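Undergrad: Here it is, the structure, as structure tokens.
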Amino acid sequence: MKVNITKWSSVSTWHWDVNEECCGICRMQFDYCCVDCKVPGDDCPPVWGTCNHAFHMHCILKWLNSNQQQQCPMCRCEWQFKSDQK
Amino acid sequence: MIDIIKEYFRNSISTGFWKYFSDCKLEMLLNSKTTITNDSNQLMMIYQQFTVSIDYLYQVYIYFERNLEFLYQHLPNASLEFRYYLEKLQNLLMNSITLRSSTDTMTFRKILYMFFEKDFKSFIKLKEQVYKGDQEDEEEDEEDDLELSIQDIDLKESLFITLCRKLHRLNIINLSEDIFTEILYKKIFQYIEEKCQGNYEERFLDDTLQFCNNVLFKWLSMIILSGGQPQESDQLFKQWKTRFEFSIYENFAQQRVLELFSMIMHYPSSRPALEDLGVCFQKIPIRQVLIQHLSSVIGQRLLQPGAQTTDIISQYISTIQSLRIIDPSGSLIQTVGRPIKQYLAQREDTIRCIVSIFTDDTNELHKEFMNFRDNDTAELQEEESTILEYDHYLDDLDDQGNFEKSLQWVPLNNDNFNTNKKSSDDMFDNLVQIYESLDLFVNEYRSMLSERLLSAENHFDNALVEKEITNLELLKLRFGENSLHQCEIMVKDMTDSKRLNNLIHKEMGSVNKGVYETLILSELFWPSSALKDTLEPFKYPKEIIAQMGLFSKEYERVKAPRKLINRYDFGRVELELVMENGNTKEFTVSPIQASIISLFSSEGGDSESQVKLTLDQMCSALECKNKEQVRKKLQFWIANQVVKEVNGVYQLNVKDSSDTVSMAEVVDGDYVHGDSDEDTDSEDDVIIVEEQEEEKSVSEKEKEEKMRVIENFIIGMLTNFKVLTLDRIHNMLTMFNSEQYSSTQQELKQFLLKLINEEKIELNNTEYKIKN
Ligand SMILES: [Zn+2]
Ligand SMILES: [Zn+2]
Ligand SMILES: [Zn+2]
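Pasting the structure below:
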């Protein structure tokens, strides 16, 4: 006997490849989105600092704009975007 | 002097008067309960003699009146008005007539009744003849005055008027008011009953009023207006008319109120009858009676355990529509609707039914709802924005915030019913108001939406998504954008998945594309219950793993830094088994079933070596630690006679003789998605098979015992109701026997099957009945 599969329709879920579950600034899950956004995914990605801490892009930008010191809110080291995201 | 007159009246008038009736069988009038006797000749005679006798009385009266007047003028000290003496005279005369024997009063009244009734009847008959034109009259019982011409009618009427004038002078009209009132009422009530009862599709109120104007009031005017002073009579006649009109409204309304429930059942074809009742509602105070009657009928006939929830909702909607016609202010609905709402709120499946009305196009009431909506759409369309344009979200809030708010659902206590509200809004509000919380609806909708989307035969079907977008638009307008945000993302996942699958398949190239496709969901936006994992992960067939790997890699490249997690519980596989003898068999199954059967596929095409596997071997091949799970899912293939078990070893169920049974049938497996409890028949089979396979646990035996207890109840119901569907039996058991009965419909079906096998009941199509 042979099994001919003609259609394999599966269901999967997508997730950001982030170590932490929540954004350290807004406390929302990365797979959700930042408080200012409505739609998860493309429009509200996480970004990493060179210190390897991740935040919603919108959240860290807001943070950096409202603070004199360009520091990571988690570890207080100087914030630098990690150029090669993983 | 009065005494002398009195004496004279007593002695001669009485005898004189009754002599006219000496040939008539007056007992006949007294004995028969109704005044209409079969002996029309006798009646005719009494009628004639009455006319003559009144004439006699009139002559006597006039004579005495003149003399009295003469005497009065020459009375030196007349302290009282002449009128007083006249009344005295009238009374004396009347009294003297009825002094002869004890039954005289009665007899005289009967004669009066008979007189008015007879005249009225022939009057009506003539009027109807004139209206009907040349139509033939079927009734032959009053052959006397059938063929009268217009002149004859005029003559007859003028004779009647003359007689009435005399009766006025004798004060007999005054005494007979109740008699002709009764006659008129009888006629009009009968008219209303005959014309309107059971007929809701025409308006009758105006017609009835017109009939009264043209016929009844004409006759009444002959009686009333023949009185002495024209002004006084006019006034009197107007009072009579007002009183009668009121009674007509009252009787008409009464008749209609008694039929209101039935009218509601027939809505919308009963609209004319409802409009008539609406006119009455404005004119006379019937509110209380209407509420009392309708509420009690609804309680008795609608809010019953045996009634289906959808039926109750459907009736509730009709009630709303109907009562709005009667009372546009909406206050009737508030009162009458309250117990229905409360009753519905207690039923578990109500929310689901309502959400289904709003969104499920297989629901009967959904069509009705959409029809209402279509009528309203023109206005709404201007406000609609397309669902996937999230960029405009903030703008939307600013620009349309106020508008949305005005359309949004307002909690229960709103008395400010808007009269010209759109009907679909009205229906929507009234259904939603059954509950105090909006969240209940949104949650139910969300879970139904996830079921529909996940269980769809083709996830990438445009029509499927378009339908849901329409639903969402509709609900958004009512519930507000925010509360449906998650649902919007769910629908967006569907469209995004389709786009991504297309994109990735293109990148992969036609060779590598394969048969694999996947729905990519934003997990946090779906109901957690819908995406619950119950299966232990297992390995897909090699070719699928390869395709899935390529797909994931491409996805991770395009959507970095994101990854995909496969959900083993979900999915749907279409496959074809090609047997050694060339026969093929098609199945639609869940991924785990597909993975299991793929283990039996002979790879090299070597037909001699049959694959033989133990459960342990299968588990390790599938890399699945849960043996029980594999064993259970294997049952599907055993039940379909694809796989068989020999001494703990599983192998293909190949028959030795080359059988020619057609194998090209399509069988569906349990491609169940999560917890969604769809009850397609194919799926049931699998469940049954799996259950039979398992040793009966103690709890199952208990369950069977319980089912035996309710067997009596089922037999009882079938004896009472003759035939019942599975649904109804299930509902009634749930309502009445909730303590003993906790089975699913599926279990009940099995149990009924048992009863059928025991020849206690039988099944015709979908209806169960007692086996004779
Ligand atoms: Zn954040
Ligand atoms: Zn954001
Ligand atoms: Zn840091």
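Protein sequences, first through last, are from chains A and B.
Residue 46 in UniProt numbering sits at position 46 of the first sequence, and the numbers go up by one each step.
Residue 734 in UniProt numbering sits at position 734 of the second sequence, and the numbers go up by one each step.
All C-beta atoms, glycine included, are put in the ideal place defined by N, C-alpha and C.
The model shown is predicted, which means the values in this text are computed figures rather than measured ones.
Please classify residue 643 of chain B as buried or exposed, where buried requires at least 16 neighbouring CB atoms within 10 angstroms.
TA: Locating residue 643 of chain B in the second sequence gives position 643, counting from the first residue. Buried: at least 16 other Cβ atoms inside 10 Å.
Undergrad: Could you tell me which uninterrupted beta strand (DSSP E) segments, each at least 3 residues in length, are contained entirely in the segment 702–770 of chain B, listed from first to last along the chain?
TA: With a minimum length of 3 residues, the continuous beta strand (DSSP E) runs that stay inside the segment 702–770 of chain B are 723–725, 761–764, 767–770.
Undergrad: Indicate the three-state DSSP secondary structure (helix, strand or coil) for residue 674 of chain B in the structure shown.
TA: The residue you call residue 674 of chain B lines up with position 674 of the second sequence. Any reading at residue 674 of chain B must be qualified, since the residue scores a pLDDT of 41, below 50, and its modelled position is unreliable; the value itself is stated next. Residue 674 of chain B: coil per DSSP, three-state reduction.
Undergrad: What residues sit near ligand 3, counting only those whose C-beta is closer than 6 Å to one of its heavy atoms, in chain order?
TA: Taking each Cβ in turn, the ones that pass are A:49, A:51, A:53, A:72, A:74, A:75, A:77.
Undergrad: Bridge partners for residue 5 of chain A per DSSP, in chain order?
TA: For this step, residue 5 of chain A is matched to residue 5 along the first sequence. BP columns for residue 5 of chain A point to B:575.
Undergrad: How many Å lie between residue 507 of chain B and residue 24 of chain A at the Cα?
TA: On the second sequence, position 507 is the one that residue 507 of chain B refers to. On the first sequence, position 24 is the one that residue 24 of chain A refers to. For residue 507 of chain B and residue 24 of chain A, the distance between alpha carbons rounds to 36 Å.
Undergrad: With 16 as the cutoff for other CB atoms within 10 Å, does residue 315 of chain B come out buried or exposed?
TA: For this step, residue 315 of chain B is matched to residue 315 along the second sequence. Buried, by the Cβ-count rule.
Undergrad: Can at least three beta-carbon pairs, one atom from the segment 240–253 of chain B and one from the segment 272–289 of chain B, be found at a separation below 8 Å?
TA: Yes, the segment 240–253 of chain B touches the segment 272–289 of chain B.
Undergrad: Looking at residue 214 of chain B and residue 127 of chain B, is the spacing between their C-beta atoms short of 9 Å?
TA: Within the second sequence, numbered from 1, the residue matching residue 127 of chain B stands at position 127. Within the second sequence, numbered from 1, the residue matching residue 214 of chain B stands at position 214. Yes, the pair counts as a contact, with Cβ atoms nearer than the cut-off.
Undergrad: Is the Cβ of residue 732 of chain B closer than 9 Å to any Cβ of chain A?
TA: Along the second sequence, one-based indexing puts residue 732 of chain B at 732. Cβ-Cβ to chain A under 9 Å: no for residue 732 of chain B.
Undergrad: Which chain A residues are close to residue 566 of chain B, counting only those with a beta carbon under 9 Å from its beta carbon?
TA: Taking the second sequence and counting its residues from 1, the one referred to as residue 566 of chain B is at position 566. Here the neighbours are 10, 11, 12, 13.
Undergrad: With distances taken from each beta carbon to the nearest heavy atom of ligand 2, which residues come in below 6 Å, in chain order?
TA: Chain-ordered list of matching residues: A:33, A:34, A:36, A:37, A:44, A:56, A:58.
Undergrad: With a threshold of 9 Å between beta carbons, is residue 559 of chain B in contact with chain A?
TA: Position 559 of the second sequence, counted from the first residue, corresponds to residue 559 of chain B. For residue 559 of chain B, the answer is yes, since a Cβ of chain A falls inside 9 Å of its Cβ.
Undergrad: Counting C-beta neighbours from all protein chains within 10 Å, is the total for residue 719 of chain B 16 or more, i.e. buried, or is it exposed?
TA: In the second sequence, counting from the first residue as 1, residue 719 of chain B sits at position 719. By the neighbour-count rule (16 or more Cβ atoms within 10 Å), residue 719 of chain B is not buried but exposed.
Undergrad: Taking all protein chains shown into account, do 16 or more other C-beta atoms lie within 10 angstroms of the C-beta of residue 84 of chain B, making it buried, or fewer, making it exposed?
TA: Within the second sequence, the letter at position 84 stands for residue 84 of chain B. It is exposed - the Cβ of residue 84 of chain B has fewer than 16 other Cβ atoms within 10 Å.
Undergrad: For residue 761 of chain B versus residue 715 of chain B, is the C-beta distance shorter than 9 Å?
TA: To locate residue 761 of chain B, count along the second sequence from 1; it is residue 761. To locate residue 715 of chain B, count along the second sequence from 1; it is residue 715. Contact flag set, yes.
Undergrad: Residues of chain A with a CB under 8 Å from the CB of residue 597 of chain B: which are they?
TA: Numbered from 1 along the second sequence, position 597 holds the residue referred to as residue 597 of chain B. Correct list: 3.
Undergrad: Mind listing the chain B neighbours of residue 29 of chain A? Cutoff is C-beta to C-beta under 8 Å, in chain order.
TA: Within the first sequence, the letter at position 29 stands for residue 29 of chain A. Per Cβ cutoff of 8 Å: 524.
Undergrad: For the alpha helix (DSSP H) holding residue 231 of chain B, just list the boundary residues, first then last.
TA: By one-based count along the second sequence, residue 231 of chain B stands at place 231. Here the alpha helix (DSSP H) through residue 231 of chain B covers 230–258.
Undergrad: What I want to know is whether the C-beta of residue 221 of chain B ends up closer than 8 Å to one or more non-hydrogen atoms of ligand 4.
TA: In the structure on display, ligand 4 does not appear, and the ligands it does have are ligand 1, ligand 2 and ligand 3.
Undergrad: Taking 8 Å as the cut-off, does the CB of residue 562 of chain B come closer than this to any heavy atom belonging to ligand 1?
TA: By 1-based counting over the second sequence, the position of residue 562 of chain B is 562. No; taking the cut-off as 8 Å, the Cβ of residue 562 of chain B has no heavy atom of ligand 1 nearer than that.
Undergrad: So with CB distances below 7 Å, who are the chain A contacts of residue 830 of chain B?
TA: Since the first residue shown for chain B is 1 and the last is 772, residue 830 of chain B is missing from the structure and cannot be characterised.
Undergrad: Throw me the rounded Cβ distance for the residue 2 of chain A and residue 601 of chain B pair, which I believe falls under 8 Å.
TA: Walking along the first sequence from the start, residue 2 of chain A turns up at place 2. Walking along the second sequence from the start, residue 601 of chain B turns up at place 601. About 6 Å; that satisfies the 8 Å criterion.
Undergrad: If we cut at 9 Å on Cβ distances, does residue 17 of chain A have a partner in chain B?
TA: Walking along the first sequence from the start, residue 17 of chain A turns up at place 17. True, the Cβ-Cβ gap to chain B drops below 9 Å.
Undergrad: Check each candidate in B:187, B:363, B:638 and name the one with the smallest Cα separation from residue 117 of chain B.
TA: If you number the second sequence from 1, residue 117 of chain B lands on position 117. For residue 117 of chain B, the nearest C-alpha among the options comes from B:187.
Undergrad: Would you call residue 11 of chain A buried or exposed, if buried means 16 or more other Cβ atoms sit within 10 Å of its Cβ?
TA: The residue labelled residue 11 of chain A in the question sits at position 11 within the first sequence. It counts as buried.
Undergrad: If we define contact as Cβ-Cβ less than 9 Å, is residue 549 of chain B a contact residue for chain A?
TA: On the second sequence, position 549 is the one that residue 549 of chain B refers to. Answer no: the Cβ-Cβ gap between residue 549 of chain B and chain A never drops below 9 Å.
Undergrad: Mind checking whether residue 18 of chain A and residue 30 of chain A have CB atoms under 9 Å apart?
TA: Working through the first sequence from its first residue, we reach residue 18 of chain A at position 18. Working through the first sequence from its first residue, we reach residue 30 of chain A at position 30. Result yes, Cβ atoms of residue 18 of chain A and residue 30 of chain A sit closer than 9 Å.
Undergrad: Can you give the Cα-Cα distance for residue 785 of chain B and residue 239 of chain B, rounded to whole angstroms?
TA: There is simply no residue 785 of chain B to check, as chain B begins at 1 and stops at 772 in what is shown.
Undergrad: Along the beta strand (DSSP E) that carries residue 48 of chain A, what are the first and last residues, could you check?
TA: For the purposes of this step, residue 48 of chain A is taken as the residue at position 48 of the first sequence. Its beta strand (DSSP E) spans residues 46–48.
Undergrad: Flag residue 596 of chain B as yes when its Cβ comes closer than 8 Å to any non-hydrogen atom of ligand 1, and as no otherwise.
TA: As a first step, residue 596 of chain B is located in the second sequence; it is residue number 596 there, counting from the start. Incorrect: residue 596 of chain B has no Cβ contact closer than 8 Å to ligand 1.
Undergrad: May I ask which residues mark the beginning and end of the beta strand (DSSP E) holding residue 520 of chain B?
TA: Mapped onto the second sequence, residue 520 of chain B falls at position 520. Per DSSP, residue 520 of chain B belongs to the beta strand (DSSP E) from 516–521.
Undergrad: For residue 600 of chain B, which of helix, strand or coil comes out of DSSP?
TA: One-based indexing of the second sequence puts residue 600 of chain B at position 600. Residue 600 of chain B falls in the coil class under three-state DSSP.
Undergrad: Taking 8 Å as the cut-off, is the C-beta of residue 28 of chain A nearer than that to any heavy atom in ligand 1?
TA: Here the question's residue 28 of chain A lines up with position 28 in the first sequence. Answer for residue 28 of chain A: yes, Cβ within range of ligand 1.
Undergrad: Is there a Cβ from chain A that is less than 9 Å from the Cβ of residue 277 of chain B?
TA: Your numbering for residue 277 of chain B matches position 277 in the second sequence. No, residue 277 of chain B does not count as interfacial toward chain A.
Undergrad: In chain order, what residues of the same chain have a beta carbon less than 8 Å from the beta carbon of residue 539 of chain B, not counting five sequence neighbours either side?
TA: Locating residue 539 of chain B in the second sequence gives position 539, counting from the first residue. If we look at residue 539 of chain B and ignore the five residues flanking it on each side, its Cβ neighbours are 545, 595, 621, 622, 623, 624.
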